[in-house]
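Participant: Sharing a structure here in structure tokens format.
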Amino acid sequence: MTEYSLEPRRAPQGQAETQEQSVDLETLWHGVRRQLPLILVATAVVGTSIFLWSRAQPDVFEATASLVTSGNSSNAGGIRDNVVTAAPLPEGALQEALNGPVVLGRIIAGLRETNRIPQTLRTQLADNLQRELQLRDVRTLQLQNQLDFNGNGIYSVTARAGSPAAATFLADLSAQALLDWDRGRALSGVQRAERSLRAQLTEVERQLAQGNQTDLERQTLIASRASLQRALAQAGIQAEGATGSLELVSPAVEPLERVAPKPTRNAILAGLLTLLLGIGLAALRTVTDRTARSEDDLLAFGIPTLGSVPKLRRRDVVFSGIVRAARQAGLYEALGFLRVNLLTRLGTPGGQRIMISSTAPGEGKSSLTATLADTLASSGLRVLIIDADMRRGTQQDVWDKYESSHQWLQLSGEGGVRTLQEALRQPEHVQVIQAEPGVHVLPAGPGLHDSMGLLNRAPLNDILTRWSQNYDLVLIDSPPMLALADGLILGRHVDQVLIVVEEGKTSLNAVKQTLRRAQNANVPVLGFILNKVSANSREAQGYGYGYGYAPHKREG
């Protein structure tokens, strides 16, 4: 009985770290490569979609007007030489003014009144600005500044609109609204002074009108009135010369090219992002994947992998059947490697019983059993296939696809039963299907619920010994070992067990559980068969599966 260990093998201490890193990088690369076609398709679809979507968006143009400010005004906030200048703006004040209802309201009103841009466009711009004002999120107008530590520098007002003329008009209108608001700060001080002077003058006139003052008091009031009248006249002159701390440096220039949309740039960026995201997800999936992806993944269990069988195209199986499809160049060579490895470990064939099982349904053990029997028969061996999966037997269906009409031969006795279910009850008289020269098949029969009870009652060792006398090898197609206990019962009466593992589907934990159950039941496991290997995997490339070494056909 073959002994094996569930403990992983350890590499030599000096090479362990290097080997582990190289295998990890190689595994990561092949994991990404398997998903690369899907990633490239997704990249193309996303890039094309973004390109078409961007082209469908309306054009956007930008225009910029520039303002200059000085933070060191010698007469700021006061009266000098009949000129009043507003105080320097604190940091962030102009941005708040542009986003506020006073300045933005003037801009919206100016848009609605102008005739320089089409009505539809100006209405749309005004409505957008009104909505942005209400949401406190102004995007149509942007303010950037380049100021030094003293507050001196440049403010740039950038406007976005659907046409070059509209963008230019909106930028100039916004700059003018800011200039008016800034001048209004200086003018508001003068206007307050005017209101104060008018109030004082009114009071003096009222006192003079009463006429009950002394001569000295009256002369004093007359002098005060004259002084207030001169100050009021001077305030009017200063109001005409009031100025803010901002000045227009450069009005907006009509743009020649749009700033958005940019379909090509957007498509390239979206494609690159999709590509990087896809590669990242594929790498993450590969790192976190705990399924059997290669023979290296199975080495840790201390049991050899006897062969890696590539995946067949569904179309070939449907039209040709699994046996004929398996004779194609790639799969034929893979089965040839499997046959050589199996016979090398078995020695001289002579009625040896090999059970082929898996961890779960759908991993291809029945198809593999049939194709392995076909390649063994091609080398001159006589093979008996026993379909022991009495709940879901499929061997007869596999061979019916190969040949619709079969000849029945005697396995034991004369006449008798033609299914495993009946043969376990009457093992003396059994017939089998001659699937092809050298391959005989004992079908499982209709689905049986109590298959384990039937196996426990039957003298399996005596029955299998009798049936295997005239064959070189007996291949027993058993149920999955994690799904049913039938495989563990059968495994105690065979010489070796092969476990089929499907690439990318069978989890390593399921393999570990299967081996633990086999060990507890004293079932001899000879090795693994990695099945349904993808064409771009390391195993397929390493063995050269494909049609590159097909027989050469002579011309003429």
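For what it's worth, this note's numbering labels the leading residue of the sequence shown as 346, then goes sequentially. Cβ coordinates follow ideal geometry from the N, Cα and C atoms, glycine included.
1) In this structure, how does DSSP classify GLY498 when only helix, strand and coil are distinguished?
2) Which runs of the alpha helix (DSSP H) spanning at least 4 residues fall entirely within the segment 435 to 464, listed in chain order?
3) Between the C-alpha atoms of ARG575 and GLU458, what's the straight-line distance to the nearest angstrom?
4) Figure out for me which residue from VAL391, LEU518, VAL819 and VAL868 has the closest Cα to the Cα of LEU726.
5) I'd like the list of long-range same chain contacts for LEU683, defined as Cβ closer than 8 Å, with 5 residues on each side in sequence excluded.
6) Within this structure, are the beta carbons of PRO509 and PRO403 separated by less than 7 Å?
7) Give the straight-line distance between the Cα atoms of SER415 and ASP482, rounded to the nearest whole angstrom.
8) Determine the burial state of ASN876: buried for a count of at least 16 other Cβ atoms within 10 Å of its Cβ, exposed for fewer.
9) Give me the Cβ distance between VAL594 and ALA408, rounded to the nearest whole Å; I'm assuming they're in contact under 8 Å.
10) Quick one: what's THR650 bridged to in DSSP?
11) Ends of the alpha helix (DSSP H) at LEU726?
12) Would you say the segment 373 to 392 touches the segment 608 to 625, given that touching needs at least three Cβ pairs under 8 Å?
13) Report, in whole angstroms, the separation of the C-beta atoms of GLU848 and ARG638, which I expect to be a contact under 8 Å.
14) If we count Cβ pairs, one from each stretch, closer than 8 Å, do we get three or more for the segment 729 to 746 versus the segment 769 to 787?
15) Taking only the alpha-carbon atoms, compute the straight-line gap between VAL377 and ARG635 and give it to the nearest angstrom.
16) Could you work out which residue in SER541, ALA512 and GLY695 is closest to ALA471 when comparing CA atoms only?
17) Which runs of the beta strand (DSSP E) at least 3 residues long sit entirely within the segment 468 to 499? Give them in chain order.
18) Taking 7 Å as the threshold (C-beta atoms), are THR704 and ALA605 in contact?
19) Going by beta carbon distance, what residues of the same chain come within less than 6 Å of ALA456, once the five residues before and after it are set aside?
20) Under the DSSP definition of a beta bridge, which residues are partnered with HIS785?
21) Check PRO772 in the structure and name its three-state DSSP category.
22) Given a cut-off of 7 Å, decide if SER750 and VAL775 are closer than it, judged by their beta-carbon atoms.
23) Give me, in chain order, the residues of the same chain whose beta-carbon lies closer than 8 Å to that of MET553; leave out the 5 immediate sequence neighbours on both sides.
24) Just how far apart, CA to CA, sit GLN766 and ILE808?
25) Does any CB atom of chain B fall closer than 7 Å to the CB of GLN402?
26) From the DSSP output, in three-state form, read off MET826 for me.
27) Rounded to whole angstroms, what's the CA-CA distance from TYR892 to GLU678? Just pull it up for me.
28) Going by beta carbon distance, what residues of the same chain come within less than 6 Å of HIS838, once the five residues before and after it are set aside?
29) In terms of alpha-carbon separation, which member of LEU833, GLU548, ARG484 and GLN858 lies closest to ALA866?
30) Please name the residue, chosen from LEU488, LEU621, ASN490 and ASP525, that lies closest to GLY450 on a Cα-to-Cα basis.
31) Give the secondary structure of MET797 by DSSP, where H, G and I count as helix, E and B as strand, and everything else as coil.
32) Applying the 10 Å Cβ sphere with the 16-neighbour rule, what's the burial state of SER813?
33) Do you know how far the Cα of ARG811 is from the Cα of LEU827?
34) Report the rounded CA-to-CA distance for ALA520 versus THR619, giving the unit in angstroms.
35) CA-CA distance, PRO433 and ILE453?
36) May I ask you to report which of helix, strand or coil DSSP gives PRO509?
Facilitator: For this structure:
1) Judged by DSSP in its simplified three-state form, GLY498 adopts strand.
2) Secondary structure within the segment 435 to 464: the alpha helix (DSSP H) runs of 4 or more consecutive residues, fully enclosed, are 438 to 444 and 446 to 458 (chain order).
3) ARG575 and GLU458: Cα-Cα distance of roughly 40 Å.
4) Looking from the CA of LEU726, the closest CA among VAL391, LEU518, VAL819 and VAL868 belongs to VAL819.
5) Contacts found: LEU651, GLY652, VAL654, LEU717, THR720 and ILE874.
6) No, they are not a contact pair.
7) C-alpha of SER415 to C-alpha of ASP482: approximately 28 Å in a straight line.
8) ASN876 is buried by the Cβ-count criterion.
9) With 8 Å as the limit, VAL594 and ALA408 do not qualify as a contact, their Cβ atoms being about 15 Å apart.
10) The partner list for THR650 (beta bridge, DSSP) reads PHE873.
11) Where LEU726 is concerned, there is no enclosing alpha helix (DSSP H), given that its DSSP letter is neither H nor E.
12) Verdict: yes, contact present.
13) Taking 8 Å as the upper bound for CB-CB distance, GLU848 and ARG638 are in contact here, some 6 Å apart.
14) Touching, yes.
15) Between the alpha carbons of VAL377 and ARG635 lies a distance of about 15 Å.
16) Nearest C-alpha to ALA471: ALA512.
17) Segments of the beta strand (DSSP E) lying fully in the segment 468 to 499: 486 to 492.
18) No. Outside cutoff.
19) Checking the sequence, you will find Leu at residue 456 rather than Ala. Taken in chain order, the residues that qualify are ARG467, LEU470 and ALA471.
20) Paired residue(s): LEU729 and GLN779.
21) For PRO772, the three-state secondary structure derived from DSSP is coil.
22) 7 Å or more divides the Cβ of VAL775 from the Cβ of SER750.
23) According to the sequence displayed, residue 553 carries Leu and not Met. Excluding residues within five positions, the ones whose Cβ falls inside 8 Å are ARG563, LEU566, ILE567 and ARG570.
24) ILE808 has its alpha-carbon roughly 13 Å from the corresponding atom of GLN766.
25) Absent from the structure: chain B. Only one protein chain is present.
26) DSSP places MET826 in the coil class of the three-state scheme, outside both helix and strand.
27) In this prediction, TYR892 scores a pLDDT of 41, lower than 50, which makes its location untrustworthy; the coordinate-derived value is nonetheless stated afterwards. The alpha-carbon atoms of TYR892 and GLU678 are separated by roughly 10 Å.
28) Answer for HIS838: LEU805, ASN806 and LEU809, listed in chain order.
29) For the residues LEU833, GLU548, ARG484 and GLN858, the minimum Cα distance to ALA866 belongs to LEU833.
30) Comparing Cα positions, the closest option is ASP525.
31) MET797 sits in a helix when the DSSP states are folded into three classes.
32) Its Cβ being crowded by 16 or more others within 10 Å, SER813 is buried.
33) Going from the Cα of LEU827 to the Cα of ARG811 covers about 29 Å.
34) Cα to Cα, ALA520 sits roughly 41 Å from THR619.
35) For the pair PRO433 and ILE453, the Cα-to-Cα distance works out to about 26 Å.
36) Helix.
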